[in-house]
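Colleague: Numbering (the numbering used here), first residue to last: 623 to 749.
1. What's the gap between the Cα of residue 692 and the Cα of residue 723?
2. Candidates 747, 717, 713 and 740: which alpha carbon is nearest residue 731's?
3. Less than 7 Å separating the beta-carbons of residue 695 and residue 717?
4. Output the boundary residues of the beta strand (DSSP E) element that contains residue 747.
5. Measure how close the beta-carbons of residue 700 and residue 674 come, nearest whole angstrom, since I'm counting them as under 8 Å.
6. Under the three-state reduction of DSSP, which class applies to residue 710: helix, strand or coil?
Following this line, the structure appears as structure tokens:
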């Protein structure tokens, strides 16, 4: 008995999802959206700021959909830099440590320094 493995597939009617249920396959638009989210970024942004001890918003950088932005407290800082949403910069980043955030723009985040002159590095994929 032979098995023909050179068959043309003309149409896929249903595919099985992770729960075993039959679903319609992704159409061209859905595949293009997935490829855009999983593909490489067209550009990268990098910035560094010295946040005030009173707090401020990060400078505006559009972040590619589905990506995260990395905030890194400089290893030479004197104290922590606090990060969080606007009005609630409460998560401490000690020197040399970083966090990622899923935001569409970096200006959705606020920062404040414990010590004047400390530096925060920002890097992400441009939208």
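Beta carbons are placed, not taken as given, at the ideal position from N, Cα and C, and that holds for glycine.
Modeller: Once the coordinates are examined:
1. Position 70 of the chain shown, counting from 1, holds the residue named residue 692. Position 101 of the chain shown, counting from 1, holds the residue named residue 723. In a straight line, the C-alpha of residue 692 is about 7 Å away from that of residue 723.
2. Counting from 1 along the chain shown, the entry for residue 731 is found at position 109. Of 747, 717, 713 and 740, the residue nearest in Cα terms is 713.
3. As a working mapping, residue 695 is identified with position 73 in the chain shown. As a working mapping, residue 717 is identified with position 95 in the chain shown. Going by C-beta atoms, residue 695 is nearer than 7 Å to residue 717.
4. One-based indexing of the chain shown puts residue 747 at position 125. Note, residue 747: beta strand (DSSP E), 742 to 747.
5. The residue you call residue 700 lines up with position 78 of the chain shown. The residue you call residue 674 lines up with position 52 of the chain shown. That belief does not hold up - the Cβ atoms of residue 700 and residue 674 are roughly 14 Å apart, past 8 Å.
6. Counting from 1 along the chain shown, the entry for residue 710 is found at position 88. Note: residue 710 maps to coil in three-state DSSP.
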